[in-house]
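If you're matching positions, the sequence shown starts at 49 in this note's numbering and goes up one per residue.
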Amino acid sequence: MTLHVQFHTIFMMFLSGIALGAIFDVFRVLSSKLRLPRWAIPLIDILYWIVATILVFRLLIYSNEGQIRVFIFLGMGIGICFYFAFLSRWIIQLTLLVIRIVIALYLFISRTVELLIIKPIIGLYRLTVIILGFLLAVAIFLYKIVLQLLYPLWRLLLWMTRPAHKYFVIPVWFKKLTGKIMEICRRLFSK
Numbered sequence: 049m050t051l052h053v054q055f056h057t058i059f060m061m062f063l064s065g066i067a068l069g070a071i072f073d074v075f076r077v078l079s080s081k082l083r084l085p086r087w088a089i090p091l092i093d094i095l096y097w098i099v100a101t102i103l104v105f106r107l108l109i110y111s112n113e114g115q116i117r118v119f120i121f122l123g124m125g126i127g128i129c130f131y132f133a134f135l136s137r138w139i140i141q142l143t144l145l146v147i148r149i150v151i152a153l154y155l156f157i158s159r160t161v162e163l164l165i166i167k168p169i170i171g172l173y174r175l176t177v178i179i180l181g182f183l184l185a186v187a188i189f190l191y192k193i194v195l196q197l198l199y200p201l202w203r204l205l206l207w208m209t210r211p212a213h214k215y216f217v218i219p220v221w222f223k224k225l226t227g228k229i230m231e232i233c234r235r236l237f238s239k
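1) Which residue's Cα is closest to the Cα of ILE109: HIS56, ILE165, ILE218, LEU78?
2) What are the start and end residues of each continuous alpha helix (DSSP H) run of 4 or more residues lying completely inside the stretch 127–162, in chain order?
3) So, for ILE126: in the same chain, excluding its five sequence neighbours on each side, which residues have a beta-carbon less than 7 angstroms away from its beta-carbon?
4) For the stretch 57–99, which segments carrying the beta strand (DSSP E) assignment without a break, of at least 3 residues, lie completely within its bounds, in sequence order?
5) Classify PRO168 as helix, strand or coil using the three-state DSSP reduction.
6) In its own chain, which residues sit with a C-beta less than 7 angstroms from the C-beta of ILE75, not counting the 5 before and 5 after it?
7) Among TRP87, TYR154, GLY69, which has the Cα closest to the Cα of THR101?
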């Protein structure tokens, strides 16, 4: 391994130490802000170590084809110490800011969807129900008026056709139908 590759590897491990610290802080802030149940904390720890392992070995393969030396751990340790000494506070504040922005964006989008989509649909539904109810009331009112106006004509028609009953045989189903219609008319107008 040449000196250039060794310095490149130490620098990459220094960066991976900084990245490990940043990922650790992000996971820590997210787990505290999301108020996860106690059983989820070990799962998050396992997820952290999986991500950290993949990150370190990808950088190690990129920098020196995956050779593990003592200075690799030294570089990661220096990177982690540098991160916690100088960058941890800023990353935590940045993570909290991103969480606040995401929450504000979520609230804005949900309120916008509610005001622009959900409330107009509910308003149109209510307006449709009111209009259909009004039209139904008008139709029932007109139906009752028409029946009241036609009822004397119906009685006159029955009186005029009474002599013809002996000449024409009315089918039984028609008699039942007219009887039902008359019963409905009596119920509607007997009040």
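Every residue, glycine too, gets a C-beta built ideally from N, C-alpha and C.
Well, looking at it:
1) Of the listed residues, the one whose Cα sits closest to ILE109 is HIS56.
2) If we require 4 residues or more, the alpha helix (DSSP H) runs fully inside the stretch 127–162 come out as 136–161.
3) Taken in chain order, the residues that qualify are PHE62, GLY65.
4) Those beta strand (DSSP E) runs which fall completely within the stretch 57–99 and span 3+ residues do not exist here.
5) The DSSP-derived three-state label of PRO168 is helix.
6) Note on residue identity: the sequence assigns Phe, not Ile, to residue 75. The beta carbon of PHE75 sits closer than 7 angstroms to the beta carbons of ILE92, TYR96 from its chain, once the five residues preceding and following it are set aside; these are given in chain order.
7) Nearest C-alpha to THR101 among TRP87, TYR154, GLY69: GLY69.
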